[in-house]
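With the UniProt record's numbering, the residue at position 196 of the sequence shown is 196, and numbering never jumps. Note that CB positions come from ideal geometry on N, CA and C, so glycine has one too. Some notes on the structure that comes next.
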Amino acid sequence: MKVWIEWKYKTAKNLVTTLTSEVMSAKQALLLANDFLKTGRTKEVVFYDEQHTMWTKKEFEKLLEEIVEEPNDIEVFFDGGYDVDTKQAGIGVVIYYTRNNQNFRIRENVFIDQLGSNNEAEYAAFWQAVLRLEELGVHNMPVQFKGDSQVVLNQLSGEWPCFEDEFNVWLDRIEEKVKQLGIRPTYTPISRKENKEADQLASQALQGTMVSSHLNLSE
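As structure tokens, this is what we get:
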């Protein structure tokens, strides 16, 4: 879970100013807020998530206690590869998340036959990622989705219109499932280099090399 904090600070001359931090992990934000309060000059601290939901310190501490055993700090990378000649696709999904203060990573790919385009393969990869989140038990959580497909991310966010019927089928399916799970999505376009894990998985699927792993990175 990524958040930022806002606090009121009183100077030695009793001037009060409102300050805002950069975005950071929930754990780091709570530690920082406690340090500020220890100075005696910070009188009020509030926390905001990426959907601009606000919590008081007491509410935020309770929230963290409730979600510690659930998947949180979820970051999803997706990619689709497509062979125009064979109409075959490979999709790759990488999910990073935290549970019980330990870090995990899921890596998997899928081979799909008879899709219509590379963009459709990207949609299929995103759909696979959402299904994997459902299997993981993700509910009512913010999730950051990252990929190098401008089309998929901008159409899902509503920035770009979608005129293709085949894409609208994927859009409707994804939006319905995201709403059902209570996922609060953030869509972040990244470069292909930044998306190399998911890209490699998609390429491996097209080559017939299947991957499915779920690792505890804290061990």
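| Asked | Found |
| --- | --- |
| Are the region 146-161 and the region 187-197 touching by the rule of at least three beta carbon pairs closer than 8 Å? | yes |
| Could you tell me which residues DSSP puts in a beta bridge with H214? | I106 |
| Out of S218, T17, D79, E22, which one is the CA nearest neighbour of E194? | D79 |
| Which of helix, strand or coil does DSSP assign to residue 242? | Any property of residue 242 remains undetermined from this structure, which presents the chain solely from 1 to 219. |
| Assuming V152 is part of the alpha helix (DSSP H), what are its boundary residues? | 150-157 |
| Determine the direct distance from the alpha carbon of Q28 to that of T98, and round the result to whole angstroms. | 14 Å |
| What number of angstroms, rounded off, separates the C-alpha of G208 from the C-alpha of Q128? | 18 Å |
| Whole angstroms are fine: how far does the CA of V143 sit from the CA of G40? | 35 Å |
| Is I67 helix, strand or coil when you go by DSSP? | helix |
| By Cβ distance below 7 Å, which residues in the same chain neighbour T17 in space, the five residues on each side in sequence not counted? | Y9 |
| Give the DSSP-derived three-state secondary structure of D165 in the structure shown. | helix |
| Once DSSP output is grouped into helix, strand and coil, what is the label at residue 223? | Residue 223 is absent from the model: the chain starts at 1 and stops at 219. |
| Can you tell me where the alpha helix (DSSP H) holding Q128 begins and where it ends? | 118-136 |
| Roughly how many angstroms separate the alpha carbons of L171 and F47, rounded to a whole number? | 32 Å |
| What number of angstroms, rounded off, separates the C-alpha of K87 from the C-alpha of G116? | 7 Å |
| If we count the other Cβ atoms within 10 Å of its Cβ and call it buried at 16 or more, is S213 buried or exposed? | exposed |
| List the DSSP bridge partners of F78. | V93 |
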